[in-house]
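For reference, the structure is listed below as structure tokens.
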Amino acid sequence: MLLSRHQVLARRERDPERLERSAYLLLSRIETQGPMSIGQLAEAFGLDTSTVNRQTAALLRCGLAERVADPDGGMARKLRITVQGGSRLAEDREVNRSCLARVVAGWSPEEVRELEDVLVRLNRSAEALEGRYWPRTEEDDTPAACHPTAPRAPVTPAP
């Protein structure tokens, strides 16, 4: 229900340039983890490779991702986020943060931190239950990283 309500708010801000949910999730994962193969993405999301192949084909057509040789020398080609993909992802994140900031605008800083703590716990518990973990940096574990109005580091995708 929480996600549905947030998506309704975000949809009000929606324009034709907003990313589809699948594109947002795939680009976020590639941005966080670095270049990934179709198989790695399928495993990360618990999806069939044919589903991920269709979704990534759309990213490639739109210029949001590109195929690159495996940086580790493997046989499979990998997908890397493009500058355009990084920009679109950053724009969508900002709209999402803005919507969330409006939701909690009347809350005290303590209430916002409590929500952050509970949501982090909820996400970690869901990841543990599924056995699929989202890669994180040390910065992701700080309370400010979860705050919808916290300053963010700029996205710097590979050229």
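Its first residue numbered 1, the sequence shown is counted upward by one per residue in this note's numbering.
The beta carbon of each residue, even a glycine, is placed where N, CA and C say it ideally should be.
Looking at the DSSP output, E66 bridges to R80.
When A105, G39, A69 are compared, the shortest CA-CA separation from T49 is found for G39. Y24: member of the alpha helix (DSSP H) spanning 21 to 33, first to last residue.
According to DSSP, M36 shares a beta bridge with L79. At the C-beta level, R80 and A65 come within 9 angstroms of one another. The Cβ neighbour count for V68, taken over all protein chains shown within 10 Å, is under 16; the residue is labelled exposed.
Rounded to whole angstroms, the gap between the alpha carbons of G46 and L122 is 19 angstroms. Taking every protein chain shown into account, the CB of R29 has 16 or more other CB atoms within 10 angstroms, so this residue is buried.
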